Amino acid sequence: MREKRIRISGYGSISALGHKREAIFETYRSGEVKYTESAGVPVIPLPRESSEILEALKAENKLFRGIDRTVLMAIYAARYAMADAGWINEKNISINIGSSRGATTLFEEYISRFNSSGTVPPNTSPVTTLGNISSFVGQDLNSTGCSLSHSVTCSTGLQAIANAVAWLKAGMAEKFLAGASEAPLTPFTIAQMKALGIYSNEITGPYPCQPFNVNRKNTFVLGEGAAIFALEQVEDKQVEGPGFYIESVGLGFESIGSKTSVSKEGKNFQRAMENAIKNAEIDSPVDMVILHAPGTVVGDYAELNALKQVFGHSGMPFISSSKWLTGHTLGASGCMALDYALYILETQHVLDFPYLTSIPACVNKRPVKRIMVTAAGFGGNAAALIVTRSS
126 MREKRIRISG YGSISALGHK REAIFETYRS GEVKYTESAG VPVIPLPRES SEILEALKAE
186 NKLFRGIDRT VLMAIYAARY AMADAGWINE KNISINIGSS RGATTLFEEY ISRFNSSGTV
246 PPNTSPVTTL GNISSFVGQD LNSTGCSLSH SVTCSTGLQA IANAVAWLKA GMAEKFLAGA
306 SEAPLTPFTI AQMKALGIYS NEITGPYPCQ PFNVNRKNTF VLGEGAAIFA LEQVEDKQVE
366 GPGFYIESVG LGFESIGSKT SVSKEGKNFQ RAMENAIKNA EIDSPVDMVI LHAPGTVVGD
426 YAELNALKQV FGHSGMPFIS SSKWLTGHTL GASGCMALDY ALYILETQHV LDFPYLTSIP
486 ACVNKRPVKR IMVTAAGFGG NAAALIVTRS S
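Numbering of the sequence shown is given in the working numbering, commencing with residue 126 and proceeding in unit increments.
As structure tokens, then:
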């Protein structure tokens, strides 16, 4: 038995689901997708109340008036995670918050201004650098710990957590905020996704994003959001009462064979899953896998093929996804899936796909105690995380 464990002491998120735990849980229960149309395609933005929270946050501090939406969402989620963990007066907090695209809103605005006038404001560089997400969160929390940032496309969030786990186990940090933030609902970002030929044109039905849809067509939809987790290493003998724990993180990689770096076999997924299981050192089964499943035919089925290779047909765990509800939040997607995993572990409520799918039926006949979360992105990388809840 391990003597130390990585505990999720608190967490916060803001997305299409809402920004408060009670509202988020209610959205999970209702399964209602609130999407709008932009540039002729569906997008899944924050609800009005959550956007108003960001505007109120921006008004708190004059330094916040010129920062990107990604940073505002990260600050909000970090504050929530800190409060949820009871770290109100803690200052020695290490921070790693990543993003796939970074300050998309400001970057596109300043590029447009440059194209029209040949100049940009003096603060352009500071507020569009990727590192300003973590550093602004650190400033807001008056943190004295390290402030790190990175971008590993759609694996960004889970790799931030992997980094935090490594730092905590190495004794290089005592408390760590890890996660990701993404605000990609901008014209140029949407155009990039449309150019790949994967974007959904479902703008009349209730579910524009449909991973594993029975018609086997691409239904990728962008969403926005941030999810951040307060992590610390605790002695196993000090664990009392129910709590969430990260048992392992596994990473995988494969050579690029296509423009989206996805192979039919999903070798990067397979390696990440296998490494996560190996690193977890567990005898009990993985009850459920929350798939990356962005709603693209190639990507969804590559991951499903990897799952079959790892678990076999007879040992397939229960399969779920929440992207039909939140959209694909790119770098934050793995953390949004982890948010969903914690909801399931606490409530034992699993979202059914509200449309016809072509995946094999997996009936879960036991309580969900252990969940694997996956993510993968351009470049051939993938990550898998195993989380559990103590009783």
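No residue lacks a Cβ here, since even glycine has one placed at the ideal position from N, Cα and C. All values derive from a computational prediction rather than experimental measurement.
So ASN217 and GLU299 are supposed to be a Cβ contact under 8 Å. How far apart are they, rounded?
With a beta-carbon spacing of about 6 Å, ASN217 and GLU299 fall inside the 8 Å limit used to define contacts.
Who pairs with ILE222 in a beta bridge, going by DSSP?
GLY304
If you follow the beta strand (DSSP E) that PRO167 is in, where does it begin and where does it stop?
166–169
Locate the beta strand (DSSP E) running through TYR332, then write down its first and last residues.
Looking at the DSSP string, TYR332 is not in any beta strand (DSSP E), and its letter there is neither H nor E.
Is there contact here, the segment 470–484 with the segment 452–459, by at least three beta-carbon pairs under 8 Å?
In short, these stretches do not touch, since the Cβ pair count stays below three.
Look at ASN393 and PHE378 and say whether their C-beta atoms are less than 8 Å apart.
yes
If I follow the unbroken alpha helix (DSSP H) through THR161, where does it start and stop?
Careful: THR161 lies outside any alpha helix (DSSP H), inside the beta strand (DSSP E) at 161–163.
Quick check: the Cα distance between ILE469 and PHE239, rounded to an integer number of angstroms?
47 Å
Pick from TYR332, GLY223 and SER250: whose alpha carbon is nearest that of VAL158?
Selected option, being the one with the closest Cα: TYR332.
With respect to the beta strand (DSSP E) encompassing GLN358, which residues constitute its N-terminal and C-terminal limits?
For GLN358, the uninterrupted beta strand (DSSP E) run begins and ends at 350–360, by DSSP.
Going by the DSSP bridge assignment, what does VAL493 pair with across the sheet?
Per DSSP, none; premise fails for VAL493.
Please confirm whether any heavy atom of the ligand MN lies closer than 7 Å to the CB of VAL422.
Of ligands this structure carries none, so the ligand MN is not represented either.
Measuring alpha carbon to alpha carbon, tell me which of CYS460, ALA164, TYR324 and VAL493 ends up nearest ALA508.
CYS460
In whole angstroms, what separates the C-alpha of SER516 from that of SER483?
35 Å
Assuming contact is defined by CB atoms lying nearer than 8 Å, are ALA228 and THR195 in contact in what I supplied?
yes
Would you mind giving the Cβ-Cβ distance between TYR201 and HIS144, rounded to the nearest angstrom? I have them listed as a contact below 8 Å.
7 Å
Within the continuous alpha helix (DSSP H) that includes GLY424, where are the two ends?
422–436
Determine the contact status of ILE149 and SER138, defining contact as a CB-CB distance below 8 Å.
yes
In terms of DSSP beta bridges, what is VAL414 paired with?
Note: VAL414 sits in a beta bridge opposite ILE444 and MET497.
I'd like to check one pair, ASP209 with ALA355: are the Cβ atoms closer than 8 Å?
At a Cβ-Cβ threshold of 8 Å, ALA355 and ASP209 count as neighbours.
Which stretch, first to last residue, makes up the beta strand (DSSP E) that contains TYR370?
368–378
The beta strand (DSSP E) with ILE131 in it runs from where to where?
129–140
Where does VAL231 fall in DSSP's three states?
According to the sequence shown, residue 231 is Leu rather than Val. LEU231: helix per DSSP, three-state reduction.
Could you please give me the residues that DSSP links to ILE511 through a beta bridge?
DSSP lists SER373 and MET497 as the beta-bridge partner residues of ILE511.
State the Cα-Cα distance for the pair PRO251 and ASN257, rounded to the nearest angstrom.
7 Å
Ends of the alpha helix (DSSP H) at ILE200?
194–210
Since TYR122 is in the alpha helix (DSSP H), which residue starts that stretch and which ends it?
The shown model of the chain, from 126 to 516, leaves out residue 122, and the question about it has no answer.
Is DSSP giving VAL245 helix, strand or coil here?
coil
Spatial neighbours of GLU360 within its chain, please: CB distance less than 7 Å, with the 5 preceding and 5 following residues excluded, ordered by chain position.
GLU128 and LYS129
Mind reading off the beta-carbon distance from GLU327 to PRO167? Whole number of angstroms is fine, and I expect it under 8 Å.
6 Å
Would SER325 pass as a contact of THR344 if the rule is Cβ separation under 8 Å?
yes
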